[in-house]
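**Student:**
As C-alpha cells, this is what we get:
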C-alpha cells in the first residue's frame, strides 16, 4: 500500500482507516467500485504532506461564537431532555444506497427526521421529537411559501477511522443559524440543545453514515415560518427541523477535477444593507437562473462579483480563496473579509485558522478584484484559486469566463497545491485520522 | 344622501352602489357598523371630483404585457377547459366574516382553492383542479423551504355597484408572474388559462367577495418549487395555486389616516443585478426585521432607500409617488423609473396612465432623492407623498424619520389632494362605478 519505508503515526491512521473502509466496501459493494476506490487510495498515497496538523485550536485566530441573545418575548426554550422518539416501522425503512458514487447531493434521505415546533400562542418552543421521515403538512398561506421566511444550515456527519461518527464545529453552525433567525424575525434557540437532539437522530440513523471517506451524511437543519397569514411580518409559528442525506461530492467538475466559472458583473449576489452574510433561503433563489446561464455557456459555477472594481465575493455557494505571490514576493493566501457581503463560512474560518497556525505563508483577509486576478495571471503570480465550503471542502478553479474572455488559472498545475493540503488536513480532522477539538464525536 | 342638485351619471352609479351595499350590510351585519358605513359614505360624498374618468385606455401610455416566451423543454401547458372541481362538503364550509372592519389582511380564507401541479417527468403541467381549501403536503427537502424557490402575485376581486364581481388588469399580473417564474427557474404558463381557472374559483366562492367598497377579496396566486432535492438548482416539480382572502385595509395608519416611515440608509431592499423587479418571495424575508425595527421606533412602514444619494425606491411593499412643485413652478407627479430596483406595480402603471390622460399636471418617471425631499419640504414645494399598491390602492405619508430627524410631509393638508382623486378614480373603476377596459367582469 505504501512505497515509503518510514511510516509516521498519521499514515498509520490513514491506512487503518482505509482498511476499515475496504472491508466495509467489500461487504457492501461487491462490485468493481471497491477496485476503483483502491486505485484512488493508492493514487492519494503518493502525495506527501508538508504541513503538520496541530491537534489544538489557537485561540488567537479562532473567534468562538458568542452566546445567542434571545428576544424578551420568545417564550420557553426547548430542551434535549424532553426529546421523544417515534421510530419508523420496518415497512417504512428505506434501502440504503450501496454505491457511494451514485449518491449525488441531497437526493436520498434517511429514515428519520427531527422536528421542533414553535408557537408563540402556546408559550414558545414545543418538545423536540424524532419521527419517521415524513411529509410536512402546512397551510397554503404559510409565510415560508410566500415571503421566504426560511433559513438553513449545512453540516456533515463523517464516519471516522475508528468507526465513530463525528460532526465538525457544530457550535459555529448553531451560532450562524441563530443570527439568521434573528434577521428573519424567527425564534432563536439554544444551539447546544439542538445539537444534542441531532446527535440522537444521528445515532438512530447511524447506519446511513457512509463507511468511506469519499462520502458523508449531510445534515440539513432548517427553520421555517409557518404562520398561515399573508401579512409581511414576523411569524408567530415556526418549525425547526433536520433531515439527513448521504452525499457524495456536491459539484460536477470537469475531467481535470476543477471547476470553470462564469464571472458576469451583470449579476450581484449580495449588497450592503442586505442579508448576504446570513444563510437565508432568500439568498439562493435569485442565483438559480444565473447558474443555469453559466451551465448554458458550458461553465460549472458562478463567480459572484460586486462593485465597480468587480470584487470577487463568492463562488457558487462557497467562499473563495486565492493563493498567489504578493507584491513583496511572498506566497500569500487571501480571501475576502466578512464585510456583510459574504457568508461567514465555517470551512473558511477553519482554513484561516489552520493556515495561520501553520505559519508557512502569509494569510490575509482582503478584497480580491478581477483586474487584480488578470494582472496576477499575466505576471504568472496567481498560483491557485479555489472555493471552500461544507459541501465540497475545497473546490479548485481552473478557468474563469470574464467579460467574454477565458482566463486559465493554473490551480491544478502546482506541484504541491495548497488547496490539496488544506483538503487533506480538514478531512483528516473530520474523518478522525487525527484528534482535534473541532471534531465532536457522536456517542 | 347628496347636497348637490345636479347629479351626474357617475353619482347615480355611486349611490346605486351604496344602496346595494346598505341593503347587503343591513342583512349581514345587523350591527352599528352599517351606521358607521353610512356616516363614512356621507363624508365621502362631500368631496368633489375635479378629474374625469376616461372610460378608455390611452395606448400611448399603456404598455400591454408581451406574450410569455416558454422554455423549449417546458412540456405541455395546462388549459382551463381541463379544470376539475371538487367542492367542499357542507361540513367543510367556513362561516363568512360578518364584520368587514375586523378582517385585517390575509388572516381568513375562503372555502376553496385552485391547484395546478407541474412535473417535468410527467410531461409538464398537469390538469388544473379546484379543491376545498386544504393543507399542502410536501417533502421536507422541497426546494421552496430551503432556497426560496417561490413567487406570488397580489390581485383583488371587487363587488361592483351592479353586484357583479370584477378583477383589475389580470393580464398584467399574469405577465409579471411569468417573468418571475423565468427568473426563478420555475415553469411558465399561459396567463389567460390561469385567469379562466381563477374566474371559476371566484364564481364558486363568490359569496366571499364582500358586499362593500371598503373591503374586497384578495387573490393570492403562488408558484413554488417542490422538488425534494437539496441541490441549488431549477425545480422540476412545481405547484401553482391560488387562495382567496377577504380583506379590509392592509396598513395600520395613524389617527390621521396617513402612515409614518422609517428611512434608514443602512438597509437596502434591492440592487442592480438582483431581483428587486420580480415579485419573488426572496425580496420579502429580508424586510421583516427592518419593518420590526420601524415599529419599535413608532413608525408604520419602511421607506427603502438606495445608493449614496439616498434614492427613494419603495415604501413598505408599495411603489412611491410624490406630488410637488417642480423647478419650473409646475405641479408634477413623480415616481421612480423601472430601473430594475423597484417592482413594476400595476397600480403604479395605472396611476401613470390615468394621470397622463388627465393632462392636468406634469407626470414624470425619475429618481427622487432624500436631499431633494428635504429641500422641497424646506421650500414648501412638496405637496403630497404616497405609496401605491394593490393592497392599499394609495397610502398617504405624513412623516419620514430620516437620519434621526422627523420630516413632516403635508400630504393630509391639501385641499384637493391628488392621492384622493387617484384613489377615487381607481376604486370607481374597480368597483364598477364606471365601465372601463381595465375591469374584467367575472361571469
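Chains as they are written, first to last, in the working numbering: chain A, 3 to 445; chain B, 3 to 445.
Backbone N, C-alpha and C fix where the C-beta goes; we use that ideal spot for every residue, glycine too.
It should be emphasised that the depicted structure is a prediction, and the values quoted were computed from it without experimental measurement.
#1: Might you give, ordered along the chain, the residues of its own chain that have their beta carbon closer than 6 Å to the beta carbon of residue 33(B), omitting 5 neighbours on each side?
#2: Classify residue 445(B): buried if its beta carbon has 16 or more other beta carbons within 10 angstroms, exposed otherwise.
#3: Here's a check: name, in chain order, each residue in its chain whose Cβ is nearer than 8 Å to the Cβ of residue 431(B), leaving out the five neighbours to either side.
#4: To which residues of the same chain is residue 30(A) closer than 6 Å at the C-beta, ignoring the five residues directly before and after it?
#5: Looking at the ligand ADP, does it come within less than 7 Å of residue 441(A), judged from the CB to the closest heavy atom?
#6: Please state whether DSSP places residue 400(B) in a helix, a strand or coil.
#7: Here's the rule I'm using: 16 or more other beta-carbon atoms within 10 Å means buried, otherwise exposed. How should residue 156(A) be labelled?
#8: What residues in the stretch 143-167 of chain A bring their beta carbon closer than 7 Å to a beta carbon of chain B?
#9: Leaving aside the five residues before and after residue 150(A) along the sequence, list all residues of the same chain whose C-beta is less than 6 Å from its C-beta, in chain order.
#10: What does residue 114(B) pair with, by DSSP beta-bridge criteria?
#11: Find the residues of chain A that neighbour residue 185(B), judging by a C-beta separation of less than 8 Å, and give them in chain order.
#12: Please compile the residues from chain A whose C-beta is within a distance smaller than 8 Å of the C-beta of residue 273(B).
#13: Cα-Cα, which of 359(A), 135(A), 246(A) and 345(A) is closest to residue 317(A)?
#14: Which ranges would you report for the beta strand (DSSP E) in the stretch 227-314 of chain A if only whole runs of at least 3 residues count?
#15: Please classify residue 68(A): does DSSP put it in a helix, a strand, or coil?
#16: For the stretch 402-414 of chain A against the stretch 329-340 of chain A, are there 3 or more C-beta pairs whose distance is under 8 Å?
#17: Among residues of its own chain, excluding the 5 on either side of residue 115(B), which ones have a beta-carbon nearer than 8 Å to its beta-carbon?
#18: If you reduce the DSSP assignment to three classes, tell me which class residue 80(B) lands in.
#19: Considering residue 149(A), what are the terminal residues of the alpha helix (DSSP H) in which it resides?
#20: Under DSSP, the beta strand (DSSP E) around residue 161(A) begins and ends at which residues?
#21: My assumption, with CB atoms under 8 Å, is that residue 195(A) sits in contact with residue 81(A). Please give the rounded CB distance.
#22: Have a look at the DSSP bridge pairing and note the partners of residue 367(B).
#23: Output yes or no for whether 8 Å exceeds the beta carbon distance between residue 142(A) and residue 138(B).
#24: Please go through the same chain and pick out, in chain order, the residues whose beta-carbon is closer than 8 Å to the beta-carbon of residue 433(A), but skip the five residues on each side of it.
#25: Less than 8 Å between CB atoms is the rule here; does residue 426(A) satisfy it with respect to chain B?
#26: If you compare alpha carbons, which of 218(A), 263(A), 264(A) and 258(A) is closest to residue 248(A)?
#27: Where does residue 313(A) land, buried or exposed, given buried means 16+ other C-beta within 10 angstroms?
#28: Quick one: list the residues of chain B neighbouring residue 140(A), beta-carbon separation under 8 Å, in chain order.
#29: Residues of the stretch 208-239 of chain B in Cβ contact with chain A at a cutoff of 9 Å, in chain order, please.
#30: Using a Cβ-Cβ cut-off of 8 Å (strictly less than) and excluding sequence neighbours within five positions of residue 95(B), which residues of its own chain qualify?
#31: Taking the beta carbon of residue 443(B) as the centre, do at least 16 other beta carbons fall within 10 Å, making it buried, or is it exposed?
#32: From what residue to what residue does the beta strand (DSSP E) around residue 385(B) run?
#33: According to DSSP, simplified to helix, strand and coil, what is residue 204(A)?
#34: Less than 8 Å separating the beta-carbons of residue 385(A) and residue 412(A)?
#35: Would you tell me roughly how many angstroms separate the C-alpha atoms of residue 72(B) and residue 79(B), rounded to the nearest one?
#36: Residue 315(B): which of 300(B), 368(B), 106(B) and 354(B) sits nearest, CA to CA?
**Tutor:** Once the coordinates are examined:
#1: Any reading at residue 33(B) is ruled out, since the residue's pLDDT is 31, under 50, leaving its predicted position unreliable.
#2: exposed
#3: 55, 170, 438, 440 and 441
#4: The pLDDT assigned to residue 30(A) is 38, lower than 50, so where the model puts this residue is not dependable; a value taken from the coordinates is nonetheless given after this. Counting only Cβ-Cβ distances below 6 Å, and skipping sequence neighbours, we find 100.
#5: As for the ligand ADP, it is missing from this structure, which has no ligand bound.
#6: strand
#7: buried
#8: 143, 146, 147, 148, 149, 150, 151, 152 and 154
#9: 283 and 284
#10: 134(B)
#11: 288 and 291
#12: 270, 273 and 276
#13: 345(A)
#14: 239-249, 261-265 and 303-308
#15: coil
#16: no
#17: 132, 133, 134, 135, 136, 203, 243, 244, 245 and 246
#18: coil
#19: 145-149
#20: 157-161
#21: 6 Å
#22: 337(B)
#23: yes
#24: 19, 160, 161, 162, 163, 168 and 215
#25: no
#26: 218(A)
#27: buried
#28: 137, 138 and 140
#29: 220, 222, 224, 226, 227, 230, 231, 232, 233, 234, 235, 236 and 237
#30: 113
#31: exposed
#32: 384-391
#33: helix
#34: yes
#35: 10 Å
#36: 368(B)
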